[in-house]
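In what follows, a single structure is set out as structure tokens and then discussed.
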Amino acid sequence: MNTKSEVITSMELEISKTNQHCDMLIQMNKSLDADRRSLMDHVSQLLTQYHELLAHSLKDKQHYHEEEKMFVF
94 MNTKSEVITS MELEISKTNQ HCDMLIQMNK SLDADRRSLM DHVSQLLTQY
144 HELLAHSLKD KQHYHEEEKM FVF
């Protein structure tokens, strides 16, 4: 049968392992949050570029149709 001292030692070991696991999860969470922020910044940049390209494309299309009308009439 385990003595009181052995039980305490075993519980302290479990507490230590649990604390290490918590610390590891906290670090992983911080890293994932940083990655998420970085990805959101990239998504924002890509959306901005998309809107700029779309606006440019629409201008080009409008310009093309205006010139086409000039040659048709």
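Everything in the sequence shown is counted per the working numbering, starting at 94 for the first residue and increasing by one.
Quick reminder that beta carbons are idealized off the backbone N, C-alpha and C, glycines included.
Next on the checklist: For a quick check, are the C-beta atoms of N95 and S103 less than 9 Å apart?
Outcome noted: yes
Item to check | In chain order, each alpha helix (DSSP H) run of at least 4 residues that lies wholly inside the segment 95-123 | outcome: Correct list: empty.
Item to check | Alpha-carbon to alpha-carbon, A148 and K154 | outcome: 10 Å
Item to check | Pairwise C-alpha distance: F164 and L146 | outcome: 27 Å
Item to check | Backbone CA spacing between L106 and C115 [nearest angstrom] | outcome: 14 Å
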